[in-house]
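A.B. asks: Numbering (this note's numbering), first residue to last: 716 to 1097. Supplied in structure tokens, the structure appears directly below.
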């Protein structure tokens, strides 16, 4: 049992590359316009720009991803900002904060983002499946559009059918839908004069629960929320006991890092929180990296969950110091977890403080692991 627990905890070392990525990744990747990549192309960095030709599938991920060249295959992309100006002869699958497509796509587009724009000049010769907070279509879709979003504007040409579920749907003058427009929304679509819908226009209003049902659901949600907090406290206490029992010296080192490196630990945890998903998505898109992505995702989620444990231990020590008593490590842990629970229940700001604590603790864990990793490497153990 002891060895199993050690193996499970050491699995968290999988996160070290993500932490290093978060702190040190400033590399930009460029495929110049005069170069051709044969077969599959991989690109990941702070900024990724593909100006050349890829004779195969392209897998790219970065803070900013720009595709100006030609992809003779599929494009799988993820980034904070993704701009696709070039030609993709087959399918596009893309996720990002802001995604803009202005080029030519030979087959289908599957896209998810905060803002998705199918701009003027864009032509998709297959279907478009889109999920976005804000969706804007100014280009041409030769087949069907399947859309889920908060606000949607369909100002281009769709030669097939449109199926949409959105809060607000606008069909401006000059737009054309050759097939049917079927949408689900609490509001009527704004079909402006001069817009054309050749097929049927069908509006479905989603059913709304009555007031009593809403009240019951709120009460049930609050009960479930409180029980969830209690169960989380108990589970964190048990996990903390395992760390104190089997890894007392390591736990002590992490808590010391929490105490002495508050700022840098929080920044490291924040960097890992945002950088790791990009790397995980990239691994998923490579297909062959799916097993590594699953393992990394599991380790990342676990670390983000247990990171607050070490901050709770520090808070417990701080509270015990105020009483000038020295309780056992288990009581110190429990006191700290209760303080953490009360902090997260503060209205309006509890979630924010809880997030900072998560970054703080996971970053301290990461810094301690990196120090151990470097020490083992220096001693020739790795």
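Ideal Cβ placement from N, Cα and C applies to all residues, glycine included.
Among 806, 1084, 950 and 863, which has the Cα closest to the Cα of residue 839?
C.D. replies: 806
A.B. asks: By Cβ distance, which residues of its chain are closer than 6 Å to residue 860, with the 5 residues on each side in sequence left out?
C.D. replies: 843, 873 and 877
A.B. asks: Which runs of the alpha helix (DSSP H) spanning at least 4 residues fall entirely within the stretch 1031-1097, listed in chain order?
C.D. replies: 1044-1059 and 1065-1093
A.B. asks: So residue 966 is in the alpha helix (DSSP H); what residue range does that whole segment cover?
C.D. replies: Taken as a continuous stretch (DSSP letters only), the alpha helix (DSSP H) holding residue 966 covers 963-975.
A.B. asks: May I ask you to report which of helix, strand or coil DSSP gives residue 804?
C.D. replies: Coil, per DSSP.
A.B. asks: Relative to the alpha-carbon of residue 952, which residue among 1055, 979 and 871 has its alpha-carbon at the smallest distance?
C.D. replies: When the alpha-carbon of residue 952 is set against those of 1055, 979 and 871, the nearest one is in 1055.
A.B. asks: On the DSSP bridge assignment, give the partners of residue 782 in chain order.
C.D. replies: Note: residue 782 sits in a beta bridge opposite 765 and 799.
A.B. asks: I'd like to know if the stretch 1023-1031 and the stretch 1068-1084 are in contact, where contact means that at least 3 CB-CB pairs between them fall below 8 Å.
C.D. replies: yes
A.B. asks: Do three or more CB pairs link the stretch 985-997 to the stretch 1045-1054 at distances below 8 Å?
C.D. replies: no
A.B. asks: Just confirm the distance between the C-beta atoms of residue 825 and residue 808, as a whole number of angstroms; I'd bet it's less than 8 Å.
C.D. replies: 5 Å
A.B. asks: For residue 1130, collect the residues of the same chain with a Cβ closer than 8 Å to its Cβ; drop the 5 residues on either side in sequence, then sort them by chain order.
C.D. replies: There is no way to answer for residue 1130, as the model of the chain reaches only from 716 to 1097.
A.B. asks: Quick one, are the C-beta atoms of residue 853 and residue 871 less than 9 Å apart?
C.D. replies: yes
A.B. asks: Using the three-state DSSP reduction, which class does residue 901 fall into: helix, strand or coil?
C.D. replies: coil
A.B. asks: Any contact between the stretch 932-951 and the stretch 882-901? By contact I mean 3 or more CB pairs, one from each, below 8 Å.
C.D. replies: no
A.B. asks: Comparing C-alpha positions only, which one of 746, 1014, 916 and 1085 sits nearest to residue 894?
C.D. replies: When each option's Cα is compared against that of residue 894, the closest is 916.
A.B. asks: What whole-angstrom Cβ distance do residue 791 and residue 816 have, given they're in contact under 8 Å?
C.D. replies: That pair is no contact at about 14 Å.
A.B. asks: Hey, residue 881 and residue 862 are a contact pair by Cβ (cut 8 Å); roughly how many whole angstroms apart?
C.D. replies: 7 Å
A.B. asks: Return the CA-CA distance between residue 908 and residue 869, expressed in angstroms with no decimal places.
C.D. replies: Spanning the two alpha carbons is a distance of roughly 14 Å.
A.B. asks: Which residues mark the beginning and the end of the beta strand (DSSP E) in which residue 848 is found?
C.D. replies: Note, residue 848: beta strand (DSSP E), 843-852.
A.B. asks: Tell me whether residue 818 is buried or exposed, calling it buried when 16 or more other Cβ atoms sit within 10 Å of its Cβ.
C.D. replies: buried
A.B. asks: If you follow the beta strand (DSSP E) that residue 829 is part of, which residue opens it and which one closes it?
C.D. replies: Judged by DSSP secondary structure, residue 829 falls within the beta strand (DSSP E) whose first and last residues are 824-833.
A.B. asks: Is it buried or exposed for residue 940, if we count other Cβ within 10 angstroms and need 16 for buried?
C.D. replies: So residue 940 ends up on the exposed side.
A.B. asks: Whose CA, out of 820, 848, 783 and 1022, lies closest to the CA of residue 827?
C.D. replies: Residue 848 is the option with its Cα nearest to residue 827.
A.B. asks: Assuming residue 821 is part of the beta strand (DSSP E), what are its boundary residues?
C.D. replies: Neither: residue 821 is in no beta strand (DSSP E) and is coded neither H nor E.
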